[in-house]
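Protein chains in written order, with the working numbering: chain A, 3 to 272; chain B, 3 to 272; chain C, 3 to 272; chain D, 3 to 272; chain E, 3 to 272.
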Amino acid sequence: MQLPVSPEVAANAVGNIENLVTLTSGQYTMGSLILMVSYGAHFAFILYFLMTSMQLAPRYRIVPIMSAIVMASAGLSLLREFTTWQDAYTLVGASYVPMQGESIFTNAFRYGNWTITVPILLTQLPIAFAISRPDLHKRAIRMSIPAVLMIWTGLYGQFGETGDFSRLNIWGVISTIFFVWLIIEVRGVITAAIANSPPQLVNWPKNLWYYFLATWGLYPIAYALPQLGFTGDIVVVRQLLFSIADISTKLIYGIILSRYLLRRSALEGY
Amino acid sequence: MQLPVSPEVAANAVGNIENLVTLTSGQYTMGSLILMVSYGAHFAFILYFLMTSMQLAPRYRIVPIMSAIVMASAGLSLLREFTTWQDAYTLVGASYVPMQGESIFTNAFRYGNWTITVPILLTQLPIAFAISRPDLHKRAIRMSIPAVLMIWTGLYGQFGETGDFSRLNIWGVISTIFFVWLIIEVRGVITAAIANSPPQLVNWPKNLWYYFLATWGLYPIAYALPQLGFTGDIVVVRQLLFSIADISTKLIYGIILSRYLLRRSALEGY
Amino acid sequence: MQLPVSPEVAANAVGNIENLVTLTSGQYTMGSLILMVSYGAHFAFILYFLMTSMQLAPRYRIVPIMSAIVMASAGLSLLREFTTWQDAYTLVGASYVPMQGESIFTNAFRYGNWTITVPILLTQLPIAFAISRPDLHKRAIRMSIPAVLMIWTGLYGQFGETGDFSRLNIWGVISTIFFVWLIIEVRGVITAAIANSPPQLVNWPKNLWYYFLATWGLYPIAYALPQLGFTGDIVVVRQLLFSIADISTKLIYGIILSRYLLRRSALEGY
Amino acid sequence: MQLPVSPEVAANAVGNIENLVTLTSGQYTMGSLILMVSYGAHFAFILYFLMTSMQLAPRYRIVPIMSAIVMASAGLSLLREFTTWQDAYTLVGASYVPMQGESIFTNAFRYGNWTITVPILLTQLPIAFAISRPDLHKRAIRMSIPAVLMIWTGLYGQFGETGDFSRLNIWGVISTIFFVWLIIEVRGVITAAIANSPPQLVNWPKNLWYYFLATWGLYPIAYALPQLGFTGDIVVVRQLLFSIADISTKLIYGIILSRYLLRRSALEGY
Amino acid sequence: MQLPVSPEVAANAVGNIENLVTLTSGQYTMGSLILMVSYGAHFAFILYFLMTSMQLAPRYRIVPIMSAIVMASAGLSLLREFTTWQDAYTLVGASYVPMQGESIFTNAFRYGNWTITVPILLTQLPIAFAISRPDLHKRAIRMSIPAVLMIWTGLYGQFGETGDFSRLNIWGVISTIFFVWLIIEVRGVITAAIANSPPQLVNWPKNLWYYFLATWGLYPIAYALPQLGFTGDIVVVRQLLFSIADISTKLIYGIILSRYLLRRSALEGY
Ligand SMILES: CC1=C(/C=C/C(C)=C/C=C/C(C)=C/C=O)C(C)(C)CCC1
Ligand SMILES: CC1=C(/C=C/C(C)=C/C=C/C(C)=C/C=O)C(C)(C)CCC1
Ligand SMILES: CC1=C(/C=C/C(C)=C/C=C/C(C)=C/C=O)C(C)(C)CCC1
Ligand SMILES: CC1=C(/C=C/C(C)=C/C=C/C(C)=C/C=O)C(C)(C)CCC1
Ligand SMILES: CC1=C(/C=C/C(C)=C/C=C/C(C)=C/C=O)C(C)(C)CCC1
Ligand code: NA
Ligand code: NA
Ligand code: NA
Ligand code: NA
Ligand code: NA
Ligand code: NA
Ligand code: NA
Ligand code: NA
Ligand code: NA
Ligand code: NA
């Protein structure tokens with residue numbers, strides 16, 4: 003067995019604070035539990051979205067199919083996070099110690115996965131709110147560009163969370179600028195959606211706007227969290243935050259869009 | 003090979019009594035068998051619920067789809083319990099000894115999974131019994147709040163089952179208070195369902211009420227069981243209780259709702 | 003490397019003779035092959051049953067769906083038997099020796115799985131032969147009770163096959179009494195089915211009766227086989243017997259029922 | 003690490019020449035690649051056959067469903083061959099050496115799997131060419147009997163390929179006699195199919211006959227190949243031959259039948 | 003632990019430069035991330051193509067089904083690349099070192115997989131652009147021949163990338179000649195497609211031509227890349243190039259064809 007290497011070396015090698023912190027049994031189990039529940043929920047809801055798509059007017063069917071794709075892709079990514087978590091810690095006495103053997107934990111898979119899922123999630127919005135074709139394409143692209151830049155700058159920055167935080171903070175700020183740009187683009191889509199909406203359903207895009215801000219806003223909090231300290235509680239709370247955000251921005255968001263479209267399909271006589 | 007650590011350390015580190023008890027070969031095999039049969043049954047019945055949903059009136063189709071989601075999510079959780087069980091014990095002479103190597107068994111995955119499945123199971127009830135929309139939402143939320151509080155207080159308490167039982171008992175009582183609150187909310191839904199039911203089918207919600215009490219009531223028994231002693235038989239009986247409860251409250255419950263809805267769909271001329 | 007423990011200890015610890023017998027390479031490979039072919043066939047025929055159900059009159063669709071559930075559940079159980087077989091033996095020189103490391107082989111998973119699959123297989127019978135509802139329920143339950151008692155007494159007895167055989171034989175006899183009771187109940191269903199059958203199809207329930215006796219009768223033979231000696235050939239022949247029985251009583255039985263129902267659906271104008 | 007045992011012992015213990023031959027890195031990688039591509043192709047084409055079956059006249063739908071079953075079952079078997087290949091060799095310096103640890107490679111899984119797939123492949127023929135029912139059953143059985151005898155005698159014989167070849171050759175000849183018998187039965191079906199075929203499609207059964215001879219004939223070549231020497235090239239060429247044969251006799255054969263039936267369904271006004 | 007063998011031996015044994023290069027933690031994590039995102043995306047889009055095929059005119063349905071087959075087969079291949087990547091490196095201090103234990107990384111699985119996927123991708127083209135049958139077959143075959151020769155010569159050549167580059171370059175040139183031949187054949191299909199296209203959609207084949215050149219052209223760049231040096235950055239950039247190419251030539255290409263066919267189906271009154 004190989005105990006944790008010296009902090010300075012580790013700071014360069016391990017990427018995430020999970021590999022620097024010794025966990026209690028309860029903390030380790032909570033981490034496993036959070037990741038397990040997350041991948042289970044994502045895989046299970048593939049079924050919901052596939053079955054729902056068959057009940058919508060044809061032009062809207064692609065929206066729950068996109069949710070199913072997001073569920074599958076995020077579920078595979080979360081399953082991988084779970085496996086890596088299990089591999090990364092070893093029980094030594096009554097504690098779970100990282101750096102045993104060759105495996106290290108990484109949150110980078112999450113950022114990689116967002117490169118696929120975030121453009122899909124954003125493109126669902128103008129399709130669901132029936133924005134028509136040339137405008138739809140333009141808006142999808144205009145949202146996806148700041149989104150991808152936000153993710154990649156954040157991905158680069160998060161490797162710095164085990165060091166002196168300047169890398170984490172500088173790239174965090176740059177990423178946030180892209181996030182603000184993204185929010186402006188999303189607001190544009192929401193405004194068009196409100197104009198475009200049947201009067202009985204106009205509250206849906208209005209409320210979705212606040213839902214979007216509240217749930218996407220959880221990710222930067224999780225990003226910044228290591229600055230509060232390298233402790234087991236911070237590690238677990240961050241995984242919890244990531245999971246709440248995942249289930250909110252992908253799964254529940256998809257259910258909201260599907261239920262909106264069930265009503266809209268009915269209103270349009272389908 | 004590393005033998006079990008001293009009881010005091012273990013009590014803090016292992017969470018569940020499974021990690022403190024040496025099993026005979028028969029006990030170990032029964033534990034594996036119970037978990038294997040459980041995950042197999044849950045996965046296999048996904049097929050039943052998906053196929054059944056296609057035979058119902060459109061407004062009821064979501065109910066078996068929800069059962070399929072519960073099957074998938076619980077099946078993944080039980081597969082994980084099985085794998086952890088296999089990893090947690092090592093054959094030493096003629097006995098299966100825990101604490102070999104790095105893996106410990108945990109029932110906490112079950113509680114984590116309930117956070118997803120229990121709100122779905124409860125929400126199936128007002129949908130199946132055709133309670134109409136604003137009331138449906140209110141009732142689903144009013145049942146889910148005590149349910150989630152019951153689960154999380156129970157999750158916190160069950161980590162105490164290897165210690166002096168005060169943590170187990172105090173949080174068990176708090177959890178039970180939420181359970182009573184939940185039962186009252188469920189009774190409200192059942193009463194509305196009886197009022198709402200076509201006369202030929204009025205016995206279904208009536209009987210489901212007793213079925214609910216009898217099957218959900220198995221979980222607190224499993225929770226309290228370690229107080230009867232840290233023995234291999236208690237370990238196996240508890241896994242058996244959990245599995246009977248799982249198959250009753252999720253799988254058979256889902257079949258009952260589906261068959262009710264097949265009849266109700268027929269009565270409503272579908 | 004750890005060689006087999008003394009026979010007396012082993013007899014208490016290992017449950018099944020597979021863990022007491024050294025296999026030749028050919029025997030080991032045949033065992034793997036039998037289990038691999040079995041799980042492959044069960045998984046693959048899920049597709050057959052799901053696709054077939056779509057071609058039947060609605061009231062019969064549940065029958066191939068039940069076969070698909072049985073395929074999935076038994077396939078998972080057989081995959082587990084395969085994995086355990088691979089883990090249980092280690093190549094030492096030119097032989098495969100059990101008891102290396104921590105894994106032991108067990109047939110108990112089979113019995114556990116039957117607890118789920120056998121009631122489903124029996125319930126298929128009155129549904130396929132169009133026995134109407136209150137009678138159908140009564141007959142399904144009256145068959146399932148002796149079936150489950152037969153399985154559980156047999157499960158308890160089979161742990162005795164490595165000892166002095168009295169446990170094996172006493173519980174084998176008790177299990178057989180339940181089997182006889184079950185056969186009488188099944189005969190009742192077959193008689194009702196013959197009465198109930200369109201004249202062109204009356205040979206189907208008649209022949210199924212003999213098919214039932216011939217194929218279900220293979221299981222007690224496999225149960226008793228260890229009394230012929232603890233040899234590699236007996237081990238392989240028993241796995242072969244189990245697999246022939248599995249494919250006959252679940253897969254081919256399901257095909258027979260499905261083809262019967264294809265004709266019956268056509269006769270009933272579907 | 004344990005180097006290959008002496009040739010005489012190995013000849014009795016290892017079954018297939020793969021376990022006697024040291025591979026270069028290129029040979030090892032080609033073997034992995036061949037098996038990986040094979041299982042990937044078989045699994046992927048399940049989708050093709052399931053989707054195609056929905057486009058055929060009802061009486062022909064079973065034919066692509068049977069292809070899907072064959073794909074699933076053969077894909078699982080080939081995945082197992084791949085895993086066993088990876089486990090069987092260990093990198094020592096610049097070579098891949100067998101017999102390291104406990105795993106040996108075996109081709110016997112292929113023969114086991116044919117016991118399921120070959121009768122299905124043969125039964126597809128009279129169904130696809132619309133031979134009517136009592137004759138269909140008779141012909142399916144008359145083809146399956148020599149086929150299964152051919153497979154099992156070949157399975158027994160192939161265990162002799164590491165010894166003095168008399169076992170390989172004697173059982174190879176016996177197996178070939180059954181193959182000739184099988185070919186005669188298949189010719190009977192083809193002749194009936196030609197008589198039975200709409201004139202525009204009569205070339206399909208005619209050409210399929212030559213396709214059948216050319217592709218099924220690859221298997222005995224692979225069987226006999228070890229007589230050319232125990233070298234890495236022979237090992238790789240044999241896996242390649244097996245894979246070409248698998249993709250030809252199952253996957254492409256299934257595509258041919260499906261495309262024939264698409265046309266036949268159209269001609270029959272579906 | 004076994005450190006990298008001497009460069010000369012390694013050059014013959016390891017096939018790809020990945021096995022000669024020590025990675026930083028960031029490089030190793032980026033490699034894992036790229037492969038994980040790739041297989042996740044391919045698997046997830048199976049759902050998209052299966053659901054889309056149901057919305058097209060019957061004659062075009064096969065096109066997204068072919069994309070689904072490509073997704074499944076490539077996803078399995080990429081999952082295998084991911085697993086091999088994880089197995090091939092071991093954390094030593096703060097670096098990931100190859101050649102630890104027995105596993106080596108290989109890109110050859112990619113080339114093997116193309117043997118299946120490339121002919122499917124090429125055959126999609128004339129089907130999607132409604133080229134009628136005898137011509138369609140001729141063109142599919144005329145494209146597939148140079149394609150397969152290109153792949154196999156490239157596969158042979160890429161084993162030379164760890165040596166003195168003459169093997170890499172000679173076979174790279176030969177492969178490129180086949181690529182040019184292939185491009186000429188594809189241009190023929192595109193020209194026929196333009197002639198054949200409804201006027202409103204004529205830009206689709208025109209643009210697809212440039213898309214084809216730009217995306218397929220990424221593969222030879224990845225092939226040649228090791229000549230720029232054996233460094234961790236080159237290793238990561240190559241995996242990134244391969245993944246961008248995979249997602250472009252298979253996934254996005256499939257989406258483009260599907261969306262074209264949705265419009266063409268609508269124009270043809272479906
Ligand atoms: C502002 C900001 C960030 C924002 C991330 C967001 C908003 C991610 C959303 C992800 C979603 C919705 C995923 C669904 O699959 C980062 C990159 C953490 C870096 C720190 C600054
Ligand atoms: C009262 C009580 C409990 C009740 C648990 C229940 C009622 C769980 C139901 C779970 C279901 C239905 C799961 C289905 O997926 C706990 C938490 C054990 C803690 C002890 C007190
Ligand atoms: C009489 C008898 C037995 C009978 C077992 C049977 C009849 C099992 C049938 C199983 C099936 C049909 C499974 C399908 O999934 C036992 C328990 C071996 C114990 C010995 C006596
Ligand atoms: C003649 C002969 C053989 C023929 C094998 C054949 C013809 C196998 C066909 C297999 C198929 C079609 C499998 C598809 O899943 C053996 C047994 C190798 C043994 C040597 C002699
Ligand atoms: C010209 C050239 C090559 C071209 C490869 C191509 C064009 C591959 C396309 C693959 C696709 C489209 C795969 C999709 O699944 C090689 C073989 C790298 C070798 C070097 C020269
Ligand atoms: Na671990
Ligand atoms: Na670690
Ligand atoms: Na174990
Ligand atoms: Na343990
Ligand atoms: Na083994
Ligand atoms: Na063993
Ligand atoms: Na190996
Ligand atoms: Na070996
Ligand atoms: Na590794
Ligand atoms: Na390596």
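Ideal Cβ placement from N, Cα and C applies to all residues, glycine included.
Values in this document were obtained by computation on a predicted structure and should not be read as measured data.
Closer than 6 Å: residue i CB and nearest ligand 3 heavy atom
| i | result |
| --- | --- |
| Thr119 (chain C) | yes |
| Gly17 (chain C) | no |
As assigned by DSSP and simplified to three states, the class of residue i
| i | result |
| --- | --- |
| Thr24 (chain B) | coil |
| Thr92 (chain D) | strand |
| Tyr98 (chain C) | strand |
| Asp235 (chain D) | helix |
| Leu58 (chain A) | coil |
Any chain E beta carbon closer than 7 Å to residue i
| i | result |
| --- | --- |
| Ser75 (chain A) | yes |
| Asn115 (chain A) | yes |
Distance, residue j Cα to residue i Cα
| i | j | result |
| --- | --- | --- |
| Ala268 (chain C) | Asn205 (chain C) | 17 Å |
| Asn18 (chain B) | Thr108 (chain B) | 6 Å |
| Leu123 (chain A) | Phe244 (chain B) | 38 Å |
| Asp273 (chain A) | Leu37 (chain A) | With chain A covering only 3 through 272, there is no way to say anything about residue 273 (chain A). |
| Leu5 (chain E) | Ser177 (chain E) | Here Leu5 (chain E) scores only 41 on pLDDT, less than 50, and its place in the model is too uncertain to base an answer on. |
beta-carbon residue i near ligand 2 non-hydrogen atom, thresh 6 Å
| i | result |
| --- | --- |
| Trp211 (chain B) | no |
| Thr24 (chain A) | no |
Closer than 6 Å: residue i CB and nearest ligand 1 heavy atom
| i | result |
| --- | --- |
| Thr164 (chain A) | no |
| Pro222 (chain A) | yes |
| Gly156 (chain A) | yes |
Any C-beta of chain B under 7 Å from that of residue i
| i | result |
| --- | --- |
| Leu5 (chain A) | The pLDDT assigned to Leu5 (chain A) is 41, lower than 50, so where the model puts this residue is not dependable; a value taken from the coordinates is nonetheless given after this. It does not; no Cβ of chain B falls within 7 Å. |
| Phe161 (chain C) | yes |
| Gly256 (chain C) | no |
Any C-beta of chain D under 7 Å from that of residue i
| i | result |
| --- | --- |
| Gly28 (chain C) | yes |
| Phe111 (chain E) | yes |
| Phe167 (chain E) | no |
Residue i CB to nearest heavy atom of ligand 4 below 6 Å
| i | result |
| --- | --- |
| Lys252 (chain D) | yes |
| Asn183 (chain D) | Note that residue 183 (chain D) is Trp in the sequence shown here, rather than Asn. Result no, Cβ not under 6 Å from ligand 4. |
Any chain C beta carbon closer than 7 Å to residue i
| i | result |
| --- | --- |
| Ile133 (chain D) | no |
Contact with chain A by residue i, beta-carbon distance below 7 Å
| i | result |
| --- | --- |
| Thr164 (chain B) | no |
Chain-ordered residues of the stretch 32-51 of chain D with a beta carbon less than 9 Å from chain E | Met32, Ser34, Leu35, Ile36, Met38, Val39, Tyr41, Gly42, Ala43, Phe45, Ala46, Phe47, Ile48, Leu49, Tyr50
Using a Cβ cut-off of 7 Å, which residues of the stretch 54-65 of chain A contact any Cβ in chain B, in chain order?
-> Residues are counted here when their Cβ sits less than 7 Å from a Cβ of chain B; for the stretch 54-65 of chain A these are Gln57, given in chain order.
Contact set between the stretch 75-101 of chain E and chain A, restricted to residues whose Cβ is under 7 Å from the partner | Thr92, Leu93, Gly95, Ala96
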